[in-house]
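Remarks on the structure that follows.
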Amino acid sequence: MELQPNSLLDGDKLNKPIRVRHRSMQLEDNIALEPNHRLVYINDPRKTNDKYEFSGNEIRTSKYTCINFLPKNLFIQFHRVAYLYFLVIAALNQLPPLAVFGRTVSLFPLLFVLCVTAIKDGYEDWRRHRSDHNENNRESLVLQSGKYQSKQWKKMRAGEVVKIYANETIPCDIVLMGTSDPNGISYIQTMNLDGESNLKTRYARQETTSMLLLEGGTSISGLIRCEIPNRNIYEFTANMEFNEQRFPLTQSNIILRGCQLKNTEWVIGVAVYAGQDTKAMMNSAMSPSKRSRLESYMNRETLWLSVFLFTMCLVVALGMGLWLQRHKEQLDDLPYYRKSYYGKGLRRYRYYGIPMETFFSFLSSVIVFQIMIPISLYITMELVRLGQSYFMIGDKYMYDSGSDSRFQCRSLNINEDLGQIRYVFSDKTGTLTENKMEFRRASLYGKNYSNSFLQDAGLLDVDPFETNPNRQPPRRWRLKSEVPVDSELLALLHEDIARDERIAAHEFFLTLAACNTVIPILSGTLSSDCLSDQLLDIEAAIDYQGESPDEQALVTAASAYGYTLFERTSGHIAIDVNGERLRLDVLGLHEFDSVRKRMSVVIRFPNGSVKVLVKGADTSMLCILSMDNERDELVRQTTESHLTEYSSEGLRTLVIASRDLTDAELEKWQVMYEDASTSLTDRSSKLRQTAALVECDLHLLGATAIEDKLQEGVPEAIESLRQAGIKVWVLTGDKQETAISIGLSCKLLTADMQQIIINGTSEVECRNLLLEAMVKYGIKFTDGNNFKLKWEKTAENDFFGLPIDDKSPDAGSATPLALIIDGNSLVYILEKDLESELFALATSCKVVICCRVAPLQKAGIVDLVKSRTDDMTLAIGDGANDVSMIQMADVGIGICGQEGRQAVMASDFAMGQFHFLKRLLLVHGHWNYQRIGYLVLYNFYRNAVFVLMLFWYVLTTAFSTTSALTDWSSVLYSVIYTSIPTMVVGILDKDLSHKTLLQYPKLYGAGHRQESYNMYLFWITMLDTLWQSLVLFYIPLITYKDSTIDIWSIGSLWTIAVVILVNMHLAMDIQRWLLLTHVAVWGSIVITYACVVALDSIPLLPNYGTIYQLAKSPTYWISILLIVVLALLPRFIFKSVHQIFWPSDIQIAREAEIVGEQPNEFWSKPIQGSS
């Protein structure tokens, strides 16, 4: 809606802006092009890219080529330190003195992992190559040699003129020159760009549209001066020199690559950004990946395992050195270790002396014990998370039928973090509420209209034509949704008496209909009668498309009261005012921004008068009103009281005002508006300064109140989260009263809570308010370090299973507190070193509500908690203003709502309704955390028991680092023998049913107390592993002590025994047995036997035939039985005693489930942490 002087001004007023234009063009000739701008010559791609600095239109989303795939993929994979570790191990095994395993066999685990990952990456990249090829070879019409001809997308260049037909995809970023609509309007769908399905409107400048219609679009020339390529898809700053005129270009004049043309026959545009320079491609980068908290803890335990590994290797090396020193005189005579071999001739072994032999023994030990660091754990965790995500996506209870959206897992790295959330930071509008606005109340010229509603505005019996028979009957517009109207207000609008209230009401609804960017869409084409000054009495369906639900609700309300916006072009709008067609020329539009917090439109009426119509937030509107007389002051005071009343009811409010512009004011504004709107630098700030010229001394018309209803299930979800020990903070841009009202209605705030309100206007005042509240409620001020200490004390209590007293002296008053703070105060607090005071106060409150906050302030609040505690944070929102908050939190969730999908695209998970968060955290979060925690501990145990068994063997064979197991048995142990049961249990095991977890939210506290994974469990597991490895090693040794069994036979026994042992260990811990679980656990034992039989059937291997001899002996089977029973007996006793005398909440609830009673009948102790 930029200035259109050719169509809007006449006489002397027409020449003034044109003279300004010519003067600016003359000045431009003498100004050198700034480095951050680019020139695009229309229909002259050669001149546009004469220096070959612009990108072609070919795109590439693939990562690899045939040449660089192998080195690049390996380079990326070896960013994992564990892979480097195993590469070094494999390299050491290739050295002759260190060749413990077969050289080929030692490479198998690493090669297997690398190959699987490379195949996966290669397949994904092949799909990208195929997609790129299809995209680059699509065709569109390009103006060439005076006519439009098909051209492949990859061959297009900046400066070329492109013609796109309906339902076609835009090949590059194009500035509109003309459309099939005479007014230059086109409709696009940006689904491929930002995920939004609603249609958006783009305009061609009237200057270019008229020229295209005259010349047919085959001879176009001009110059576009635009900003350099950037990723901001919501802004475009440029100007165009066309036909000796210079005018601004904005976001409404450009269509981005990937958009689809809808409801428009064709458009013609000039390419300004192509290929990798397009905004779509510049935004193709993924959001920063997040790392699981449990995985970081796992690295800590991996370090301990490394210490164990180093210690074992050191013991073996020192033992070897001492043994060689003790037997150095016998090295030529010992049958199993000597320097020389006397056979057919003297052959010397490679003996390097005691020091080097000791060093080589150390390195050989590293190779033998290498799987102490579980390389398979990384792949297992990825596959388990993938399986968990599959079941979360398929959860029918998290399907939203309203938006037809399922739960989405956009990140596979942090599934288990969902089970440890302490803080939830939520947006309000569209997240807690539906973001489907309904016009409810109005304050008009100091009077409140809210009580006498008639439900169907389309069937009202009000007939103003009885008093004025000369007026045409009104055109009946059939709205998509019914809007309740106030009969008293409707009667006022139909009065013929020109009193102040009637005039104010007329301008009030005129502002609602005109001050917006909403596009009217009619069900059919308008007849020629509609273009006349009067409208016939026929009914037509009309719908409004807009990017803001607030605007759509206001325009729909205006239509219900008889002010129907039914036509919009870049230069004018048409409004049906109770049957009369009112055509208003749009001289300029100042769109809403977060700084001004208001929107204004400058319009010219048919009689030549010019008005500015303004709407905005009360905080930004009440300070720019004109107070010329007592009546204005009275209207203002009354309106303010109405605003407070509306906000207390949870309604969203806007203030409406207007003023007349004189010719001098208009001319001054036009000059500044022309300069600001064509500027390529600081355009936004210049437009704000221009808006300030007319957005002052306004005449207050009234205020609107819109209802945004709570989503279904929000109060119940918040109450469940609170019972689970999760603190919910609401961060919203709404008024304080509105936020408090919504907080009460969704049960976030309760009647017994003491509200602490911080509304400061300076640093000193904010500090005083914070300190006064802390003193009043006995909250002790501590710095961040002391809070860390407090958290460590809490963690220590959790570690030993001690209850946490929330009502300790440190917690302040026993009265539950709620903190309400506004964005203005946060400016001083977050930027003036008052964060510690805010943190101390906020964390002592059960509820925190931040009002009038900017997007960066939302992220600042999240960072305040995240940086000062080790608690897990979750942010949930639905709009672009929530993106920074979502990315800052440990877990980010996007709502598929009414404000587009920017939040979804930046999130880790996405869903349709807020109340799904209850099931996501309490059910899936709990399950995922319990599964992954056990998975990590079990993998540590599984590998450690195998390595310790080898360690005991090495100690009894003169520290020789030989192995009784075949090379293939060592390799297949982690890859095949024991991997499948681990993954199945990690995906399918459930300790409790979803009904129990939802019914008793306090069970979620197990994640807060880290019951499934902590240092205590790690050390208990390692002690158990030590015992099991001793039993595993010594039972066969004792059983076959006086026999003639060979080394390979005992190794075969150990192989079978360790696989059965670890699977029985797993079976003891499985909570939920399914058919697939049985197949995985018992099937892995069968597979192990099959592999051992197969390996023992190969004559070339030293263990040929051993299993056949062992299986015939009862001693073999008795040994395995003894190993399993004795190894698992301490674990069984410990678990039984602990569960009987010190049961956890989870164990109590599970027992109650098993016997079929209510859990509360079995709980003999309070829930931990709930006292």
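Remember, our numbering sits 624 above the position in the sequence shown when you count from 1. Virtual Cβ for every residue (Gly too), placed ideally from N, Cα, C.
What does a CB cutoff of less than 6 Å around residue i pick up in its chain, not counting 5 residues either side in sequence?
i: Gln776; result: Asn761, Glu763
i: Leu933; result: Phe993, Met996
i: Gly899; result: Ser679, Gly680, Asn681, Glu682, Ile683
i: Ser1593; result: Thr1679
i: Thr1262; result: Gly1070
i: Leu1572; result: Ser1653
i: Glu1119; result: Arg1126
Since residue i contacts residue j with CB under 8 Å, what's their CB separation in whole angstroms?
i: Trp890; j: Ile743; result: 46 Å between Cβ atoms; not a contact.
i: Val1008; j: Ile1556; result: 7 Å
i: Ser1636; j: Gln1554; result: 5 Å
i: Arg870; j: Asn863; result: 6 Å
i: Arg1602; j: Val1683; result: At residue 1602 the sequence reads Thr, which differs from the Arg that was named. About 6 Å; that satisfies the 8 Å criterion.
i: Arg1034; j: Asp1502; result: Not really, about 15 Å apart at Cβ, beyond 8 Å.
i: Cys1469; j: Ile1485; result: Rounded, the Cβ-Cβ distance is 13 Å, inconsistent with contact.
Once the 5 residues before and after residue i are set aside, which same chain residues still bring their CB inside 7 Å of it?
i: Thr1849; result: The question about residue 1849 has no answer here: the residues shown for the chain are numbered 625 through 1795.
i: Met835; result: Asn867
i: Ser1617; result: Glu1777
i: Val1779; result: none
i: Met936; result: Ser989, Phe993, Phe1575
Of the choices the options, whose alpha-carbon is the least far from that of residue i?
i: Asn1334; options: Gln1537, Glu1254, Trp1706; result: Checking the sequence, you will find Leu at residue 1334 rather than Asn. Nearest C-alpha to Leu1334: Gln1537.
i: Gly1518; options: Lys886, Gln830, Gly1054; result: Gly1054
i: Asp1506; options: Pro1767, Val1489, Asp1494, Val1528; result: Val1528
i: Tyr1865; options: Met922, Gln869, Lys671, Pro695; result: Absent from the structure is residue 1865, since the part of the chain shown begins at 625 and ends at 1795.
i: Leu738; options: Asp749, Gln701, Ala1316; result: Gln701
i: Ile1045; options: Ala941, Gly1629, Val799; result: Gly1629
i: Leu1559; options: Lys1020, Tyr1452, Val1472, Pro1605; result: Pro1605
i: Leu1734; options: Glu953, Val1716, Lys1619; result: Val1716
i: His1196; options: Ser1013, Ala1483, Leu1178, Ala1137; result: Ala1137
i: Gly746; options: Leu731, Asn692, Phe710, Val785; result: Asn692
i: Ser1025; options: Arg915, Asp1217, Met1535; result: Met1535
i: Phe1564; options: Ser804, Leu1650, Leu1589, Asn1552; result: Leu1650
i: Arg1030; options: Leu1036, Asn1037, Ile1017; result: Ile1017
i: Ser930; options: Arg670, Ile999, Thr672; result: Ile999
For residue i, count neighbouring C-beta atoms within 10 Å of its own C-beta (all shown protein chains included) and say buried if the count is 16 or more, exposed if not.
i: Asp1430; result: Because Asp1430 sits at a pLDDT of 41, beneath the cut-off of 50, its placement in the model cannot be relied upon, and the point is left open.
i: Gln718; result: exposed
i: Ala1776; result: buried
i: Met905; result: buried
i: Ser843; result: exposed
i: Tyr897; result: buried
i: Asn1231; result: exposed
i: Ala1184; result: buried
i: Trp1672; result: buried
i: Ala1348; result: buried
i: Arg849; result: buried
i: Glu1797; result: Outside the shown range of the chain (625 to 1795) lies residue 1797, about which nothing can therefore be said.
i: Pro1723; result: exposed
i: Phe1756; result: exposed
i: Leu1498; result: buried
i: Glu1040; result: buried
i: Lys1404; result: exposed
Spatial neighbours of residue i within its chain, please: CB distance less than 8 Å, with the 5 preceding and 5 following residues excluded, ordered by chain position.
i: Glu1811; result: Any question about residue 1811 goes unanswered here, given that the chain covers just 625 to 1795.
i: Asp1376; result: Thr1439, Pro1440
Using 8 Å as the limit for Cβ to Cβ distance, is residue i near chain B?
i: Lys914; result: Although the question refers to chain B, the structure presented lacks it and comprises just one protein chain.
Checklist entry - Per the contact definition of three or more C-beta pairs closer than 8 Å, is the stretch 943-951 in contact with the stretch 975-992? => result yes
Checklist entry - Okay, do the stretch 1236-1248 and the stretch 1273-1287 touch, 3+ Cβ pairs below 8 Å being the bar? => result yes
Checklist entry - Would the stretch 1243-1256 and the stretch 1307-1323 be scored as touching if the rule is three or more Cβ pairs under 8 Å? => result yes
Checklist entry - Would you call the stretch 1609-1625 and the stretch 1643-1652 in contact, with 3 or more CB pairs under 8 Å? => result no
Checklist entry - Contact between the stretch 1685-1700 and the stretch 1751-1762: three or more CB pairs below 8 Å? => result yes
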